[in-house]
Amino acid sequence: MATYVLVHGGGRGGWCCQPVARRLRGAGRWSIDTGHDLVITKPAAVTSALVEVAGDAGQ
Numbered sequence: 001m002a003t004y005v006l007v008h009g010g011g012r013g014g015w016c017c018q019p020v021a022r023r024l025r026g027a028g029r030w031s032i033d034t035g036h037d038l039v040i041t042k043p044a045a046v047t048s049a050l051v052e053v054a055g056d057a058g059q
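Residues in the sequence shown are numbered from 1 upward in steps of one, following full-length UniProt numbering.
Shown next, in the form of structure tokens:
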């Protein structure tokens, strides 16, 4: 089954992903969000962090 990584936009927090996460759970899907503790500004660092978060979810 696929894991959905929910990434919020600038000026927002992981809270904005909650409605989508609830809908995914209701459909029997798994999702994770980046949360408030992930503060990154460089594009390469964003990609690296998302790969790490997604990898943790798959374990």
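Note that beta-carbon positions come from the ideal geometry of N, C-alpha and C, so glycine has one too.
In this text the structure is predicted, and so the values were computed from the model without any measurement.
- prompt: Grouping DSSP H, G and I as helix and E and B as strand, with all else coil, what is Val20?
  reply: For this step, residue 20 is matched to residue 20 along the sequence shown. Of the three classes helix, strand and coil, the one that applies to Val20 here is helix, per DSSP.
field: Burial state of Cys17 (16 or more Cβ within 10 Å)
entry: The residue labelled residue 17 in the question sits at position 17 within the sequence shown. Cys17 comes out buried.
- prompt: Glu52 to Ala45, Cα distance in whole Å?
  reply: As a first step, residue 52 is located in the sequence shown; it is residue number 52 there, counting from the start. As a first step, residue 45 is located in the sequence shown; it is residue number 45 there, counting from the start. Whole-angstrom Cα-Cα distance: 10 Å.
task: Would you kindly check if the distance between the Cβ of Val5 and the Cβ of Ile32 is under 7 Å?
output: Sequence index remark: in the sequence shown, residue 32 carries index 32 (1-based). Sequence index remark: in the sequence shown, residue 5 carries index 5 (1-based). Result yes, Cβ atoms of Ile32 and Val5 sit closer than 7 Å.
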